[in-house]
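According to my numbering, the residues represented by the sequence shown are 1 to 334, in order. Beta carbons: idealized from backbone N, C-alpha and C, even for Gly. Quick caveat, the model's predicted, so the values are computed rather than measured. In what follows, a structure is listed as structure tokens, so that the remarks can point back to it.
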Amino acid sequence: MIQKLGILVLLVGLFACSQDPYDVNIDQVHLKVKYLNLDSTFRYSTPRQQISEIKQLIKTDFDLSQFCFPYALQVSTKTDSAFINGLQRTYSHPFYKQIGKSLDKRRKWRYLTLEQIKAGMKRLHVLAPKVPVVQTICFAYTQFAASAYASDKSIVLGQERYLGPEHPLIKTLPAQQFYDWIKEGMSPEYATSDALLIWLSSNVLKPTDENLASEMIRWGKMLAITEIIAPEIPLHHVLRYAKPDLDWALKAERGFWEYLVDQQFLFKNDQELNMNLLNEGPYTIGLPQESPDRMGRFLGYRIVKQYIDQEQPSLQALLDTPYHQILKKYEVPK
Numbered sequence: 001m002i003q004k005l006g007i008l009v010l011l012v013g014l015f016a017c018s019q020d021p022y023d024v025n026i027d028q029v030h031l032k033v034k035y036l037n038l039d040s041t042f043r044y045s046t047p048r049q050q051i052s053e054i055k056q057l058i059k060t061d062f063d064l065s066q067f068c069f070p071y072a073l074q075v076s077t078k079t080d081s082a083f084i085n086g087l088q089r090t091y092s093h094p095f096y097k098q099i100g101k102s103l104d105k106r107r108k109w110r111y112l113t114l115e116q117i118k119a120g121m122k123r124l125h126v127l128a129p130k131v132p133v134v135q136t137i138c139f140a141y142t143q144f145a146a147s148a149y150a151s152d153k154s155i156v157l158g159q160e161r162y163l164g165p166e167h168p169l170i171k172t173l174p175a176q177q178f179y180d181w182i183k184e185g186m187s188p189e190y191a192t193s194d195a196l197l198i199w200l201s202s203n204v205l206k207p208t209d210e211n212l213a214s215e216m217i218r219w220g221k222m223l224a225i226t227e228i229i230a231p232e233i234p235l236h237h238v239l240r241y242a243k244p245d246l247d248w249a250l251k252a253e254r255g256f257w258e259y260l261v262d263q264q265f266l267f268k269n270d271q272e273l274n275m276n277l278l279n280e281g282p283y284t285i286g287l288p289q290e291s292p293d294r295m296g297r298f299l300g301y302r303i304v305k306q307y308i309d310q311e312q313p314s315l316q317a318l319l320d321t322p323y324h325q326i327l328k329k330y331e332v333p334k
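Here you go:
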């Protein structure tokens, strides 16, 4: 009897240890999230409707309105006439007419992306109830100004930047402005993780100005949290890598860490250094040209992921944990 009881306790213990603490049921989680296709809303409206729509948008989310129109489309919202004239100029442009037709055919992609973002927000809400969640998810045309943007209420996806690198219109973009590596990043598979990351970066884990290590861990936290709340998204898509790039980064992890230590980069406060190691580009500056870009973000993710696997903190605890506490637990792969 005692032997059987011991086996039962062992099985229960093993079963409990095998459970993923971040695997939560969101079927009964209800969030009020509004969907808005700004492109079609304004393109297919009359001038009077357009004026009404922009006034409502300014009232509900001023930052969103100013990003999408004065910044992205260079359409002033200061007067009704300036706004209407600006929209007409945008929508009558021959290139936009082609883009508009392509965007109209992306309904299925928008729906899938919307549902994935909403599911991610639900998991975030369950796992970290104090963290703000999005109120509106917008799909817009931004004249290629940005892939994603977030205010304190909304997420905007510049949907033309997700048409895919092989799309005929993307191929016609001028090479002097849109290098091959930029076009390669215009994959529709990146949209969901881009949206979640921009929300976390803008509203949860804002940039630091301490040193490279603090920014690496900040990015590591955001990438790891995105992986947790969007488990259906492959890791290489979360990282914005092609699969071979992820393989290269994994093999180079130890060497890259040793490079940062040898050069005494980790605790250096240098904006140019951060840009070289954290920002998008054809490759990571300072590393071989066959390296993927943003190796600083990748290593930050690996450090945080190792910490999560070892400690299994709540998401709120992870957010609150100082970067140096996570960094000192990192075990360099052999």
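Q | Reduced DSSP category for Thr-136 - H, G, I as helix; E, B as strand; rest coil | A | strand
Q) With a Cβ-Cβ cutoff of 8 Å, do Leu-157 and Ala-150 count as a contact? A) no
Q.
If distances are taken between C-alpha atoms only, which option among Met-186, Leu-196, Pro-168 comes closest to Lys-122?
A. Leu-196
Q | the stretch 194-209 / the stretch 118-135 touching (three or more Cβ pairs under 8 Å) | A | yes
Q: Please report the residue range of the beta strand (DSSP E) in which Pro-37 lies.
A: The sequence shown places Asn at residue 37, rather than the Pro named in the question. Residues 34-37.
**Q.** Through-space distance from Trp-181 to Lys-268, alpha-carbon basis
**A.** 28 Å
(Q) By the DSSP assignment, the beta strand (DSSP E) with Tyr-149 in it spans what residues? (A) 148-150
Q) Which residues does DSSP pair with Val-156 in a beta bridge? A) Cys-138, Tyr-149
Q.
Phe-178 and Glu-160 - do their beta-carbons sit closer together than 8 Å?
A. no
Q | Assigned secondary structure, Arg-89 (DSSP; H/G/I helix, E/B strand, else coil) | A | helix
Q | Distance between Ile-217 and Glu-210 (C-alpha atoms, nearest Å) | A | 12 Å
Q: Could you have a look at Leu-196 and say whether DSSP puts it in helix, strand or coil?
A: helix
Q | For Asp-293, the first and last residue of its enclosing alpha helix (DSSP H) | A | No alpha helix (DSSP H) holds Asp-293; DSSP gives it neither H nor E.
Q: Give a yes or no on contact between the stretch 256-271 and the stretch 169-178, applying the rule of three or more CB pairs nearer than 8 Å.
A: Output reads no: the stretch 169-178 does not touch the stretch 256-271.
Q. Counting Cβ pairs, one atom from each stretch, are 3 or more of them under 8 Å apart for the stretch 64-78 and the stretch 161-169?
A. no
Q: Identify whether Met-222 lies in helix, strand or coil by the three-state DSSP scheme.
A: helix
Q: Alpha carbon to alpha carbon, how far is Glu-53 from Pro-188? Give it in angstroms, no decimals.
A: 28 Å
Q.
Just to check my reading of the structure: Gln-50 and Ile-99 have Cβ atoms closer than 8 Å, yes? What is that Cβ distance to the nearest angstrom?
A. Cβ-Cβ separation between Gln-50 and Ile-99: approximately 19 Å, too far for a contact (criterion under 8 Å).
Q. How is Gly-281 classed by DSSP in three states: helix, strand or coil?
A. coil
Q) Three-state secondary structure (DSSP) at Leu-64? A) helix
Q) Between Thr-284, Pro-129, Leu-235, Leu-299, which lies nearest to His-30 when the distance is taken from Cα to Cα? A) Pro-129
Q. So Thr-142 packs on Thr-192, CB below 8 Å; how close in whole Å?
A. About 18 Å; that fails the 8 Å criterion.
**Q.** Where Arg-89 falls, given that 16 or more other Cβ within 10 Å makes a residue buried
**A.** exposed
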